[in-house]
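Asker:
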Amino acid sequence: MSDVRVWVNGSMVGPDEPSLAALDHGVTVGDGAFETCKIVDGEIFAANRHLARMDRTLAGLGLATADRDLVQQGVDTVLAAGERIGFGRLRYTITGGPGPLGSDRGDRGMTYIVTAAQAAPPASTTAVATVPWTRNERGATAGLKTTSYAENVIALAHAKDKGGTEAIFGNTRGELCEGTGSNIFVVVDGVLRTPLLDSGCLAGITRELAIEWARGAGIEVREEALPMTVLETADEAFLTSTTRDVQPIHAVDGRELRAPGPVTMRVQEAFAKASAASFNP
Ligand SMILES: Cc1ncc(COP(=O)(O)O)c(C=O)c1O
């Protein structure tokens, strides 16, 4: 991990150097918001959309609005702290800050953390596995990008045991929802479909761009409630996420799919073309 650049509350620190209070609410109860952005040639893609989602997560958690100048200072500092990162991941995390033990919040200000590192480019296709646990579409943190991600850790380990690189959740209504760090699209009867946001999935930035740019290229996209069983019959499926972009799925629970199928390929082309033309869409 030594090649990860870390900035905390205004200063660069070593990746293994202690830099947070042990009672930081992000540590004790997972009370925080984060964003993961794609770095391409030393710059972050879709920076404004990430900042806007950070605001929504903080508001949903009942935390104060982030100091954007401070976030920007952290972003600029980690990006400039070494060789230009050709492809990588930048993450900023804002927690409730030092607090009392337990779920009450303290009043000593929020903690700002920014990290950046090179990353391997995404695999050209992937396998996914469904998991027996549900997303709670009515939960207090539904649709928020919070640091309370232990459910995702458990689900991803389960999927990896089953040979996948991503776990797929249904929600409490038995509908298709999302992955641990990705959104999902399927093709049924030749039409591209993806769960509605009320399924409890995160409003993925790649999801919204893929929908926008696919529609712009003349591809019909339906946001609709889909039963979990759609994964047993879909002709094509793909994941979207900041570091995967549009990633075709070649197997769901061991059932093989054409990857990329014809619709997926069109979306990949539309996404690649539009993202090359607009770095901060
Ligand atoms: C739970 C969850 N769903 C979906 C996504 C995809 O969102 P984005 O496209 O903004 O990376 C993420 C991103 O990490 C996520 O954590």
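Just so you know, the sequence shown maps onto residues 792 to 1072 in our numbering. Using N, Cα and C, we set each Cβ at its ideal position, and we do this for glycine too. Remember, predicted model here, so these are calculated numbers, not experimental data.
According to DSSP, simplified to helix, strand and coil, what is I1040?
Answerer: Counted from its first residue, the sequence shown places residue 1040 at position 249. In this structure, I1040 counts as strand in the three-state DSSP scheme.
Asker: Is E957 near ligand 1, going by C-beta to nearest heavy atom under 6 Å?
Answerer: Mapped onto the sequence shown, residue 957 falls at position 166. Because no heavy atom of ligand 1 lies under 6 Å away, the Cβ of E957 does not count as near it: no.
Asker: At the level of alpha carbons, what is the spacing between D807 and E834?
Answerer: In the sequence shown, the residue the question calls residue 807 occupies position 16. In the sequence shown, the residue the question calls residue 834 occupies position 43. D807 and E834: Cα-Cα distance of roughly 25 Å.
Asker: Quick one: residues in its chain with C-beta nearer than 6 Å to the C-beta of R875, no 5 flanking neighbours on either side, listed in chain order?
Answerer: Taking the sequence shown and counting its residues from 1, one reaches residue 875 at position 84. Excluding residues within five positions, the ones whose Cβ falls inside 6 Å are G833.
Asker: For the 8 Å Cβ check, are there 3 or more pairs between the region 891 to 900 and the region 925 to 934?
Answerer: no
Asker: I'd like the list of long-range same chain contacts for G873, defined as Cβ closer than 7 Å, with 5 residues on each side in sequence excluded.
Answerer: To locate residue 873, count along the sequence shown from 1; it is residue 82. Result list for G873: R796, in chain order.
Asker: Look at A958 and T937 and say whether their C-beta atoms are less than 7 Å apart.
Answerer: Along the sequence shown, one-based indexing puts residue 958 at 167. Along the sequence shown, one-based indexing puts residue 937 at 146. No.
Asker: Which whole-angstrom value describes the C-beta separation of G877 and A907, a residue pair presumed to lie in contact below a C-beta threshold of 8 Å?
Answerer: Here residue 877 refers to the residue found at position 86 when the sequence shown is read from its first residue. Here residue 907 refers to the residue found at position 116 when the sequence shown is read from its first residue. No, G877 and A907 are not in contact; Cβ-Cβ is about 12 Å, not under 8 Å.
Asker: Under a three-way DSSP split, which group does M803 fall into?
Answerer: Translated into the one-based positions of the sequence shown, residue 803 becomes position 12. Here M803 sits in strand by DSSP.
Asker: Helix, strand or coil for M792, going by three-state DSSP, please let me know.
Answerer: Residue mapping note: residue 792 aligns to position 1 of the sequence shown, counting from 1. Residue placement at M792 is flagged as unreliable, the pLDDT there being 42, under the threshold of 50; the coordinate-derived value follows with that caveat. DSSP places M792 in coil when its eight states are reduced to three.
Asker: Am I right that L849 and I904 are in contact with their C-beta atoms under 8 Å? What's the rounded C-beta distance?
Answerer: Locating residue 849 in the sequence shown gives position 58, where the first residue counts as 1. Locating residue 904 in the sequence shown gives position 113, where the first residue counts as 1. Taking C-beta atoms under 8 Å as the contact rule, L849 and I904 fail to qualify, at a distance of about 14 Å.
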